[in-house]
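Novice:
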Amino acid sequence: MLHFIYLFTLLIHFYSVNTANILGLFPHTGKSHHMVFEPLLHKLAERGHNLTVASFYPAKNPPPNYHDISFQGMFELRLESFDLNVFETPNIMNKIPRLGRMMTQVLQFRPFAVASLSICEKLVNFSPLSNALKGDYDAVILENFTSDCMLGLLYAYGVTAPVISILSGTPMPWTAERIGANDNPSYVPIITAPLSSRMSLMDRLENTLVNVVLKKWFYDEIQTKEREIIEKKFGKIPDLVELGKNVSLLLTNSYHTLTGVKPLVPALVEVGGLHLDFQKQHIPKFIENFLNESNDGVILFSFGSHIKTKSLPKYREEIFVNALSKLKQRVIWKYEGSGEEGTLAGNILRVNWLPQYELLQHEKVIAFLCHGGMLGMMEATAAGKPMIVVPFFGDQPSNAAAAAEAGIGIVLSYQDLTEDVLSDALKTIISDKMRAQASHVSKIWHDRETEPMDKAVFWTEHVVRWGKSSNLHSTARDLTFTQLSLLDVATIIIVTTTIMIVAAVYFIVKILQIFKKVTKEKLL
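Taking mature numbering (1 follows the signal peptide of the UniProt record, and there is no 0), I'd label the letters of the sequence shown as residues -19 to -1, 1 to 505.
(1) What residues are listed by DSSP as bridge partners for residue 231?
(2) Go ahead and pull the three-state DSSP assignment for residue 47.
(3) Please state whether DSSP places residue 315 in a helix, a strand or coil.
(4) Counting pairs of beta carbons, one from the region 260 to 274 and one from the region 469 to 480, are three or more of them closer than 8 Å?
(5) For residue 451, which residues of its own chain have a beta-carbon under 7 Å away from its beta-carbon, when the five flanking residues on both sides are left out?
(6) Take residue 39 and list the residues in its own chain whose beta-carbon comes closer than 7 Å to its own, dropping the five residues that flank it on each side.
(7) Just verifying my parser: in three-state terms, what is the DSSP assignment at residue 499?
(8) Measuring straight from C-alpha to C-alpha, what distance separates residue 155 and residue -1?
(9) Since residue 254 is in the alpha helix (DSSP H), which residue starts that stretch and which ends it?
(10) What are the boundary residues of the beta strand (DSSP E) that includes residue 274?
(11) Compute the distance between the beta-carbons of residue 7 and residue 123, then report whether it is under 8 Å.
(12) In three-state DSSP terms, what is residue 77?
(13) I'd like to check one pair, residue 99 with residue 289: are the Cβ atoms closer than 8 Å?
(14) Output the boundary residues of the alpha helix (DSSP H) element that contains residue 128.
(15) Between the region 231 to 251 and the region 182 to 190, do three or more beta carbon pairs fall short of 8 Å?
(16) Which of helix, strand or coil does DSSP assign to residue 215?
(17) Ordered along the chain, which non-local residues of its own chain (more than five positions away) have a Cβ less than 6 Å from that of residue 121?
(18) In whole angstroms, what is the alpha-carbon distance linking residue 239 and residue 340?
(19) Out of 20, 171, 317, which one is the CA nearest neighbour of residue 64?
(20) Rounded to the nearest angstrom, what separates residue 107 and residue 398 at their Cα positions?
(21) Where DSSP assigns a beta bridge to residue 124, which residues make up the other side?
(22) Taking the alpha carbon of residue 111 as the point to measure from, which residue in 315, 171, 214, 202 has its own alpha carbon closest?
(23) Do you know how far the Cα of residue 201 is from the Cα of residue 383?
(24) DSSP on residue 283, reduced to helix/strand/coil?
(25) Closer than 8 Å by C-beta to residue 468: which residues in its own chain qualify, once you throw out the five before and the five after it? Chain order, please.
(26) Would you mind sorting residue 17 into buried or exposed? The rule is 16 or more other CB atoms within 10 Å of its CB.
(27) Skipping 5 residues on each side, what residues in its chain have a beta carbon closer than 6 Å to that of residue 223?
(28) Can at least three beta-carbon pairs, one atom from the region 345 to 355 and one from the region 280 to 288, be found at a separation below 8 Å?
(29) For residue 406, which residues of its own chain have a beta-carbon under 8 Å away from its beta-carbon, when the five flanking residues on both sides are left out?
(30) Return the residue from the list 81, 334, 279 that minimises the CA-CA distance to residue 263.
(31) Under 8 Å between the Cβ atoms of residue 188 and residue 171?
(32) Under DSSP, the beta strand (DSSP E) around residue 391 begins and ends at which residues?
(33) Identify whether residue 13 lies in helix, strand or coil by the three-state DSSP scheme.
(34) What residues are listed by DSSP as bridge partners for residue 36?
(35) Tell me which residue opens and which closes the beta strand (DSSP E) that residue 331 is part of.
(36) Mind listing, in chain order, the continuous alpha helix (DSSP H) runs of no fewer than 4 residues lying wholly within the region 130 to 198?
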């Protein structure tokens, strides 16, 4: 009987999973990005699918049906590499705040263009990738960020499997149009904007202009040049804008409780929190002891995996140290070069590395001081811990604004930060009111119809089962800007209305002239 039950369960498992060959392509060098994708890839392998994954971060303990292709050595990894001294250079644009902010949102993408094109040039001639692209696949999962090189290579090698795009955060300016979703800048802040969904007239103008400029930039500086790189070896391929429309599904690492409500179509699926329960980490004994000895609670302080915290200029570091030292609470600060068991000064413990989500869930941790990285903010939201967010670049200002709009975060400017401002913010986030709001939002965050991992797996396997015939996108992706914006309809209405008004005026004038003429003849 037991053998029958086991066999029945096994048959159900394989019937529902439909073991597939899946190719994963992730040419971005950011560690935090791969931390979003890796849990899904491992889960798919766990469910019996055969995974071939090309990335800068090969799996440490991959299952037997998980095969890595390493891109390491092709470009510098974005891991504790960002030097904060770049913010010490005088910038004339700071004197024109809004214009400077708009320019910053555009210019900060330039390094991504350099990296994307350099990596694309190498991948075109990278034989391990070439060999993989000659395989037979049921689906391809690739990152949607600042490169479409992989879309071009898929076409060049004749890969016809449905494409699933996954994002490490909220959609890029060029994301929504691929599946016919609405990214109306009147209430949808773009990923780089420090704006909430409630914008003033000038905010909407800024959001619209940056949206348009970034889309144009992406086409000119990335898509056009990557297409040229690929065509040098493979000959003519379609415009990458058109190839982008081959995407069957978009999995976005967002969830409206934190990142705000945005219009969705079936092909745009929010799976924010995908990474939360993947490979739970152990809290080191010395940190556990520090927590247990903290009677008034602990504040966790981390600027993530990309920023080199020890590059903080001394005077700015003292702002943090002085403000944090005034607290009766203790502080755990992720700070490189702190020694194997950290360095303790007063109430501040500096550590090289920390199991962030595990600590945020700890009952002794009461608040989070962070830079606005999406993963950390989701972890704090899930754990119900209020945040002080000091954003620097990329999606961090937008994430910070979203946390503030949700009532669980306070946003502070790094450039304008003072000891008093930070001290006031610290008092606010450890208040009962702020902690209660964070706890409330956390409960809403967890109250979902299904877990984010299960949702991501279901829709991935849905595309595997039905391929491009699943038709999850809207037909809006096939419309031109003029059609989508109803400018053609508006033109017809305006022209027709104008003609009717002119005709009406003409007939009124004619009638008046006739009336005047008749009246004059009667008088004579």
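Here a beta-carbon is modelled for each residue, glycine too, at the ideal position from N, C-alpha and C.
Specialist: Walking through what the data contain:
(1) Translated into positions along the sequence shown, residue 231 becomes position 250. Bridge partners of residue 231: 146, 249.
(2) Numbered from its first residue, the sequence shown carries residue 47 at position 66. Three-state result, residue 47: strand.
(3) For the purposes of this step, residue 315 is taken as residue 334 along the sequence shown, with counting starting at 1. DSSP places residue 315 in strand when its eight states are reduced to three.
(4) Here the region 260 to 274 makes no contact with the region 469 to 480; the two share fewer than three CB pairs at distances below 8 Å.
(5) As a first step, residue 451 is located in the sequence shown; it is residue number 470 there, counting from the start. Hits under 7 Å: 229, 443, 444.
(6) Working through the sequence shown from its first residue, we reach residue 39 at position 58. 49, 51.
(7) The count along the sequence shown starts at 1 and reaches residue 499 at position 518. Residue state, collapsed to three classes: helix.
(8) The residue labelled residue 155 in the question sits at position 174 within the sequence shown. The residue labelled residue -1 in the question sits at position 19 within the sequence shown. One alpha carbon belongs to residue 155, the other to residue -1, and they sit about 32 Å apart.
(9) Your numbering for residue 254 matches position 273 in the sequence shown. From DSSP, residue 254 is part of no alpha helix (DSSP H); its letter is neither H nor E.
(10) Stepping through the sequence shown from its first residue, residue 274 is reached at position 293. Per DSSP, residue 274 belongs to no beta strand (DSSP E) and is neither H nor E.
(11) Within the sequence shown, numbered from 1, the residue matching residue 7 stands at position 26. Within the sequence shown, numbered from 1, the residue matching residue 123 stands at position 142. Taking the C-beta atoms as reference points, residue 123 is found nearer than 8 Å to residue 7.
(12) For the purposes of this step, residue 77 is taken as residue 96 along the sequence shown, with counting starting at 1. Judged by DSSP in its simplified three-state form, residue 77 adopts coil rather than helix or strand.
(13) On the sequence shown, position 308 is the one that residue 289 refers to. On the sequence shown, position 118 is the one that residue 99 refers to. For the pair residue 289 and residue 99, the CB atoms are not nearer than the 8 Å cut-off.
(14) Here residue 128 is taken as the residue at index 147 of the sequence shown, counted from 1. Looking at the DSSP string, residue 128 is not in any alpha helix (DSSP H), and its letter there is neither H nor E.
(15) Look at the beta carbons and you see the region 231 to 251 not touching the region 182 to 190: under three pairs across the two are nearer than 8 Å.
(16) In the sequence shown, counting from the first residue as 1, residue 215 sits at position 234. When secondary structure is reduced to three states using DSSP, residue 215 falls in the helix class.
(17) Taking the first residue of the sequence shown as 1, we reach residue 121 at position 140. Apart from sequence neighbours up to five positions away, the residues of its chain that approach residue 121 with a beta-carbon distance below 6 Å are 4, 142, 144, ordered along the chain.
(18) In the sequence shown, the residue the question calls residue 239 occupies position 258. In the sequence shown, the residue the question calls residue 340 occupies position 359. Within the model, the alpha-carbon separation for residue 239 versus residue 340 is close to 20 Å.
(19) For the purposes of this step, residue 64 is identified with residue 83 of the sequence shown, where counting begins at 1. The shortest C-alpha separation from residue 64 is found at 317.
(20) By 1-based counting over the sequence shown, the position of residue 107 is 126. By 1-based counting over the sequence shown, the position of residue 398 is 417. Whole-angstrom Cα-Cα distance: 46 Å.
(21) Here residue 124 corresponds to residue number 143 of the sequence shown, with the count starting at 1. When DSSP reads this structure, residue 124 sits in a beta bridge with 147.
(22) Numbered from its first residue, the sequence shown carries residue 111 at position 130. Taking only the C-alpha atoms, the option nearest residue 111 is 214.
(23) Sequence index remark: in the sequence shown, residue 383 carries index 402 (1-based). Sequence index remark: in the sequence shown, residue 201 carries index 220 (1-based). If you take the alpha carbons of residue 383 and residue 201, they lie about 30 Å apart.
(24) Residue mapping note: residue 283 aligns to position 302 of the sequence shown, counting from 1. When DSSP states are grouped into helix, strand and coil, residue 283 belongs to the strand group.
(25) Numbered from its first residue, the sequence shown carries residue 468 at position 487. Contacts found: 462.
(26) Position 36 of the sequence shown, counting from 1, holds the residue named residue 17. It counts as buried.
(27) The sequence position of residue 223 within the sequence shown is 242, counting from 1. Apart from sequence neighbours up to five positions away, no residue of its chain approaches residue 223 with a beta-carbon distance below 6 Å.
(28) Below 8 Å, enough C-beta pairs join the region 345 to 355 and the region 280 to 288 to call them touching: three or more.
(29) For this step, residue 406 is matched to residue 425 along the sequence shown. Cβ neighbours of residue 406 within its own chain (closer than 8 Å, five residues either side excluded): 369, 391, 393.
(30) Along the sequence shown, read from residue 1 onward, the residue named residue 263 stands at position 282. Closest by alpha carbon: 334.
(31) For the purposes of this step, residue 188 is identified with residue 207 of the sequence shown, where counting begins at 1. For the purposes of this step, residue 171 is identified with residue 190 of the sequence shown, where counting begins at 1. Yes, these two residues count as a Cβ contact at 8 Å.
(32) One-based indexing of the sequence shown puts residue 391 at position 410. Taken as a continuous stretch (DSSP letters only), the beta strand (DSSP E) holding residue 391 covers 390 to 392.
(33) Along the sequence shown, read from residue 1 onward, the residue named residue 13 stands at position 32. It is helical.
(34) Locating residue 36 in the sequence shown gives position 55, counting from the first residue. Note: residue 36 sits in a beta bridge opposite 7, 51.
(35) The residue given as residue 331 occupies position 350 in the sequence shown. Its beta strand (DSSP E) spans residues 329 to 332.
(36) Whole alpha helix (DSSP H) segments, 4+ residues: 130 to 137, 182 to 198.
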